[in-house]
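S.K.: Protein chains in written order, with the working numbering: chain A, 168 to 264; chain B, 20 to 250; chain C, 13 to 554.
Just so it is clear, CB atoms sit at the ideal spot from N, CA and C, and this is done for glycine as well.
Since this is a predicted model, take the numbers as computed values, not measurements.
Have a look at the structure that comes next, please.
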Amino acid sequence: MSQHVIVPRTTYVAIYAVLMVLTGLTTAVAFLDLGFANPVVALSIAVVKASIVVLFFMHMRWSSRLTMVVAGSAIFWLGIMLVLTMSDYTTRGWAWF
Amino acid sequence: MHREDAIGAAVDHPSTATLHEPELKHHFDDMAQQREAATLGMWLFLATEVLFFGGLFAAYMLYRVWYPGTFADASRSLDITLGTINTAVLITSSLTMALAVRAAATGERRATMTGIVLTMALGVVFLGIKGVEYYEKFAEHHVPGPGFHFEGQAPERAQLFFSLYFAMTGLHALHMIIGLGIMAVMLYMAWRGAFSRRWHTPVEISGLYWHFVDIVWIFLFPLLYLVDRHK
Amino acid sequence: MDTDTLALPRTHYLNAEYGITSWLLTTDHKRIGLLFLAAITFFFVIGGIFAGLIRLELLTPAGDLVGDDTYNKLFTMHGIVMIFLFLIPSIPAVLGNFLVPIMVGARDLAFPRLNLMSWYIFMIGAVVTTGAIVLGGVDTGWTFYTPFSTHASQSNVLMAGVGIFIIGFSSILTGLNFIVTIHTMRAPGMTWFRMPLFLWSIYATSLINVLGTPVLAITLVAVVLERAMHLGIFDPAYGGDPVLFQHLFWFYSHPAVYIMILPSMGVVSELIAAFSRKNIFGYTFVAFSSLAIAIFGFLVWGHHMFVAGMSVYGAMIFSVLSFLVAVPSAIKVFNWTATLYKGSISFQTPMLYALGFIGLFTIGGLTGLFLATLGVDVHVTDTYFVVAHFHYIMVGGAIMGYMGGMHYWWPKITGRMYPDLWGKISAVTIFLGFNLTFFPQFVLGYMGMPRRYHAYPDEFQALNVLSTAGASILGVGYLIPACYLLWSLKYGAVAGRNPWGAIGLEWTTTSPPPTFNFDSTPVVTTPAYAYDVIKPREPERA
């Protein structure tokens, strides 16, 4: 059950500042050649940004465990779909032992 | 009520009480239960949206792994400036949305309306910029279909990228438009003074929806715009 | 003897308001359940007609009744109608809608208006899908495989895709409603582990509805866009992969079969407990097995694609996971059987359906394991073996559970009893007709008869004739309940609160219940099937 929490305006603005910095960072880093790490960095920053939005703007930080389970399940199920699908494609070329 | 086969004792029916909050629906026992149900319902709906967009992310993932070069070429043809600006626009709209919800929770009618209006304005800006980008793609003949033309090694695979680009950003834009509709309703309700410290659930859960649409873009941006930009 | 038990209550949800708008604009979950009942019964008849035509064509080896294109449309539309317009909604939208609030001790579902919207969305999607059928049909198979569905098929794929897409939202909203209701609106004292097992299975089904259906939705969007605008997502000419469609499609459609069976399993738990007058053996195991089926069911979809060109290693992973998902189902079957042991068993109509379910589902489930075995699947895939397997589960399992549930809760829903003798006659007829229809199909499949073919070699005819004969008996078996159930509405004996002498919150209120279900909010103090603690009155015989 989510509580009736009133978050200070300054907290919201601070979170906003972090998000803007991370956005700028994502774009800037994209122009550096990090090889295979480029998409890893970009997606990691995206995950951090999304987590901040979920925790603070969407009040997950002050919400019930049930809410966390729902959000976590959604991500986990998406993960099942991506991982098991790719398990077919990545192993297609493998030689039979 | 007294029956031998009852499996429990009877309790007075709360909704037959003559005094309760006007916003309490009859099938709920109290405001807290109603709010809990609404919030859980919205989070569940957002879970379905994760899986809904997820199908396209699965397709994207496969083809990016299969055709890294072509995806990089196609991605570089997108306007990174406009994309970054749009990301900033949406994040700002999440701020204004969060502030609007906060204002509703503290009973500040004016501030609630201001927050919602700003959020909607930023949403419109986002869609406007998206429109400009779509027009650019149209002018460059990058829209999938008979008129498609792409300079590069495997133009048909580039069409695959643009199919996913338009499908994913188009679906996202559709959700934005629906979000604007929801915000319009919230604005009206705020204007009518429906929200108070006691009850502001609709604007709360609308906020959840808006933030979710922002989060989808947070992932779309690096996946679509930032493939091998350094080349 | 109380006089109130043998008379209908003066006001109840059926006569609280009159007029067509009181039904079309209702937010009463019980009325919405009946709206769904009317709709899905209609579509069951349509789907049955397609089945009849299929079996009629298969009486003879030559493709003489209908052409091959028409036959493709017949089995496609039989599948689409039966799955999306009947089975997926059936128990959740009819019995679930009616019973979930009553079983948790609430006055309605969490979102009554959303519930009504769910029915309208279903009807709109059903109209669009029916439009696709009426305007010439669809011939891709209910599985819509690409590239046929996106490129070559000349039939109404677009319309059918849009129709099913719309219907999907009905499932999602119903599931969402049930999950929120069960989490937030349980009556005082109704802990999770005092809930009837029907609620556990509805909850698990709703999880699948919420997490799986959106993927079907986006896949249909992709097919529709591909067909309309040639995007290339599944088109090899653009570098796309047709097998990707299968991954995305089956990610939903395998869990979909658990949407169809889990509610039936929940009904069977209720029936076995009531008609053995015993607590379900291993209640906790049965409850968790529903969740396990829902969760594991998402990990096995690749077993529909073993011969589609997927990686052998991927196939092995999916095969092992498919074996695992059988375990929770087996746990249920063992526990139901253990419940029967030393129970005080009575063989009324609902119990006959429950027992039929246990036997037929076991056969269906075991043959599922045969299909999960890679070596066997290579030989019997796309044969009648598969057709027999899933009909044992869907008809022998799911529909039997639905019929059992309808017969069990009919007196609660309508206030009337049907003649039990006719109930038993039709249950037996259905059981015999079903086995005569589908058991020969196991043999046919094993002998090599392919599915979805309208002509076949002569040596398969004898078994096909048996199967068609069985289908006519099965059809009669389904017709009889339609007659006596309708008859009972006017002439059936008045049921009273608890005609079965069963334990459950639904049996404490009147038959039919009042609009807000209870005269006052119940407080729960005992476990779900406390037949050893509570002695319900013996059922009245009017």
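1) With 8 Å as the threshold, decide whether the Cβ of W244 of chain A is near any Cβ in chain B.
2) Quick one: complete alpha helix (DSSP H) runs, 4+ long, within the segment 88–176 of chain B?
3) Mind listing, in chain order, the continuous alpha helix (DSSP H) runs of no fewer than 4 residues lying wholly within the segment 294–335 of chain C?
4) State the CB to CB distance for the pair L490 of chain C and I442 of chain C, rounded to an integer number of angstroms; the pair is presumed to be in contact (CB under 8 Å).
5) Could you round the C-beta distance between L189 of chain A and V215 of chain A to whole angstroms and report it? I think they count as a contact, below 8 Å.
6) Roughly how many whole angstroms lie between the Cα atoms of S292 of chain C and P21 of chain C?
7) Return the CA-CA distance between T225 of chain C and P275 of chain C, expressed in angstroms with no decimal places.
8) Pull up the distance between the alpha-carbon of P248 of chain C and that of A177 of chain B, whole angstroms please.
9) In chain B, which residues lie less than 7 Å from M241 of chain C when you measure between Cβ atoms?
10) For P113 of chain C, collect the residues of the same chain with a Cβ closer than 8 Å to its Cβ; drop the 5 residues on either side in sequence, then sort them by chain order.
11) I need the straight-line Cα distance from D531 of chain C to T522 of chain C, nearest angstrom please.
12) Should R198 of chain C be flagged as near chain B, meaning a C-beta pair shorter than 8 Å?
13) Counting only Cβ pairs nearer than 8 Å, list the residues of chain A close to H160 of chain B.
14) Give, in chain order, every residue of the segment 74–93 of chain B whose Cβ lies closer than 9 Å to some Cβ of chain A.
15) Quick one: list the residues of chain B neighbouring P511 of chain C, beta-carbon separation under 7 Å, in chain order.
16) Quick check on A36 of chain B: does DSSP put it in helix, strand or coil?
17) In terms of DSSP beta bridges, what is V236 of chain C paired with?
18) What do you get for H315 of chain C, buried or exposed, if any count of 16 or more other CB atoms within 10 angstroms of its CB means buried?
19) Pull up the distance between the alpha-carbon of K44 of chain B and that of P124 of chain C, whole angstroms please.
20) In chain order, what residues of the same chain have a beta carbon less than 8 Å from the beta carbon of A74 of chain C, not counting five sequence neighbours either side?
21) Rounded to a whole number of angstroms, what is the C-alpha to C-alpha distance between R211 of chain B and A217 of chain A?
22) Kindly list the residues whose CB is nearer than 7 Å to the CB of R463 of chain C, restricted to its own chain and excluding five residues on each side of it in sequence; keep chain order.
23) Which runs of the alpha helix (DSSP H), 4 residues or longer, sit entirely within the segment 328–391 of chain C?
24) May I ask which residues mark the beginning and end of the alpha helix (DSSP H) holding K216 of chain A?
25) Since Q166 of chain C is in the alpha helix (DSSP H), which residue starts that stretch and which ends it?
26) Pull up the CB-CB distance for L209 of chain C and A299 of chain C, whole angstroms please, since I reckon it's below 8 Å.
27) What is the DSSP secondary structure of P462 of chain C, reduced to helix, strand or coil?
28) Between S288 of chain C and the rest of its own chain, which residues show a CB-CB distance below 8 Å, the 5 nearest in sequence each way excluded?
29) Helix, strand or coil, according to DSSP, for T395 of chain C in the structure here?
30) Spell out whether any CB of chain C is found under 8 Å from the CB atom of H249 of chain B.
31) Where do the N-terminal and C-terminal ends of the alpha helix (DSSP H) with A50 of chain C fall, by residue?
32) By alpha-carbon positions, which one of B:T220, B:I237 and B:S225 ends up nearest to M50 of chain B?
33) Which residue from B:L199, B:R217, B:G134 and B:W85 puts its Cα closest to that of G260 of chain A?
34) Residues of chain B with CB under 9 Å from A197 of chain A, in chain order?
35) Bridge partners for V506 of chain C per DSSP, in chain order?
36) At 8 Å on the CB atoms, spell out the chain B contacts of G244 of chain C, in chain order.
M.R.: Working from what's here:
1) Your numbering for residue 244 of chain A matches position 77 in the first sequence. It does: the Cβ of W244 of chain A has a partner Cβ on chain B nearer than 8 Å.
2) Secondary structure in the segment 88–176 of chain B: the alpha helix (DSSP H) runs of 4 residues or longer, each lying completely within the stretch, are 99–124 and 128–158 in chain order.
3) 295–308
4) Looking up residue 490 of chain C in the third sequence gives position 478. Looking up residue 442 of chain C in the third sequence gives position 430. It is worth fixing the name first, because residue 490 of chain C is Tyr in this sequence and not Leu. Their Cβ separation, rounded to whole angstroms, is 7 Å, which keeps Y490 of chain C and I442 of chain C in contact under 8 Å.
5) As a working mapping, residue 189 of chain A is identified with position 22 in the first sequence. As a working mapping, residue 215 of chain A is identified with position 48 in the first sequence. About 6 Å; that satisfies the 8 Å criterion.
6) Within the third sequence, the letter at position 280 stands for residue 292 of chain C. Within the third sequence, the letter at position 9 stands for residue 21 of chain C. A small fix is needed here, since residue 292 of chain C is Ile in this sequence, not Ser. Taking the straight line from one Cα to the other gives about 32 Å.
7) On the third sequence, position 213 is the one that residue 225 of chain C refers to. On the third sequence, position 263 is the one that residue 275 of chain C refers to. Approximately 17 Å, taken between the alpha carbons.
8) Looking up residue 248 of chain C in the third sequence gives position 236. Looking up residue 177 of chain B in the second sequence gives position 158. Their backbone Cα atoms lie some 13 Å apart in a straight line.
9) Counted from its first residue, the third sequence places residue 241 of chain C at position 229. Simply P163 and G164.
10) Sequence index remark: in the third sequence, residue 113 of chain C carries index 101 (1-based). These residues qualify, in order along the chain: H41, R119, D120, L121, T193, M197 and N529.
11) In the third sequence, residue 531 of chain C corresponds to position 519, counting from 1. In the third sequence, residue 522 of chain C corresponds to position 510, counting from 1. For D531 of chain C and T522 of chain C, the distance between alpha carbons rounds to 9 Å.
12) To locate residue 198 of chain C, count along the third sequence from 1; it is residue 186. No, its Cβ sits nowhere closer than 8 Å to a Cβ of chain B.
13) The residue you call residue 160 of chain B lines up with position 141 of the second sequence. What H160 of chain B touches in chain A, judged by beta-carbon distance under 8 Å, is nothing: the nearest beta carbon there is about 25 Å away.
14) G74, F76, A77, M80, L81, R83, V84 and W85
15) Here residue 511 of chain C refers to the residue found at position 499 when the third sequence is read from its first residue. Correct list: empty, because the minimum Cβ distance to chain B is about 12 Å.
16) Walking along the second sequence from the start, residue 36 of chain B turns up at place 17. With a pLDDT of 49 at A36 of chain B, under the threshold of 50, the modelled position of this residue cannot be trusted, and the question is left open.
17) Here residue 236 of chain C refers to the residue found at position 224 when the third sequence is read from its first residue. DSSP output for V236 of chain C lists no bridge partner at all.
18) In the third sequence, residue 315 of chain C corresponds to position 303, counting from 1. H315 of chain C should be labelled buried.
19) Translated into positions along the second sequence, residue 44 of chain B becomes position 25. Translated into positions along the third sequence, residue 124 of chain C becomes position 112. One Cα belongs to K44 of chain B, the other to P124 of chain C, and the distance between them is close to 10 Å.
20) Reading the third sequence from its first residue, position 62 is the one you call residue 74 of chain C. Answer for A74 of chain C: A467, listed in chain order.
21) In the second sequence, residue 211 of chain B corresponds to position 192, counting from 1. In the first sequence, residue 217 of chain A corresponds to position 50, counting from 1. So the two alpha carbons sit approximately 33 Å from each other.
22) Mapped onto the third sequence, residue 463 of chain C falls at position 451. So the qualifying residues of the chain are D394, T395, Y396, V398 and V399.
23) If you keep only unbroken alpha helix (DSSP H) runs of at least 4 residues inside the segment 328–391 of chain C, you get 361–384.
24) Along the first sequence, read from residue 1 onward, the residue named residue 216 of chain A stands at position 49. Element bounds for K216 of chain A: A204 to I219.
25) Numbered from its first residue, the third sequence carries residue 166 of chain C at position 154. Premise fails: Q166 of chain C is in no alpha helix (DSSP H) and is neither H nor E.
26) Taking the first residue of the third sequence as 1, we reach residue 209 of chain C at position 197. Taking the first residue of the third sequence as 1, we reach residue 299 of chain C at position 287. Indeed, because the Cβ distance is near 6 Å, the residues count as touching under 8 Å.
27) Here residue 462 of chain C is taken as the residue at index 450 of the third sequence, counted from 1. Strand.
28) Position 276 of the third sequence, counted from the first residue, corresponds to residue 288 of chain C. Correct list, in chain order: T351, L352, G355, S356 and I357.
29) As a first step, residue 395 of chain C must be located in the third sequence, where it is residue number 383. Reduced to three states, the DSSP call for T395 of chain C is strand.
30) If you number the second sequence from 1, residue 249 of chain B lands on position 230. Not closer than 8 Å to any Cβ of chain C, the Cβ of H249 of chain B fails to qualify, so no.
31) As a position in the third sequence, residue 50 of chain C is number 38, starting the count at 1. Per DSSP, A50 of chain C belongs to the alpha helix (DSSP H) from H41 to E69.
32) Numbered from its first residue, the second sequence carries residue 50 of chain B at position 31. If we check each option's Cα against that of M50 of chain B, B:T220 comes out closest.
33) By one-based count along the first sequence, residue 260 of chain A stands at place 93. Nearest option by C-alpha distance: B:W85.
34) Locating residue 197 of chain A in the first sequence gives position 30, where the first residue counts as 1. Residues of chain B passing the Cβ test: I99, P241, Y244, L245, V246, D247, R248 and H249.
35) In the third sequence, the residue the question calls residue 506 of chain C occupies position 494. Answer is C:R428.
36) Your numbering for residue 244 of chain C matches position 232 in the third sequence. Going along chain B in sequence order, the residues near G244 of chain C (Cβ under 8 Å) are P163, E175, Q178, L179 and S182.
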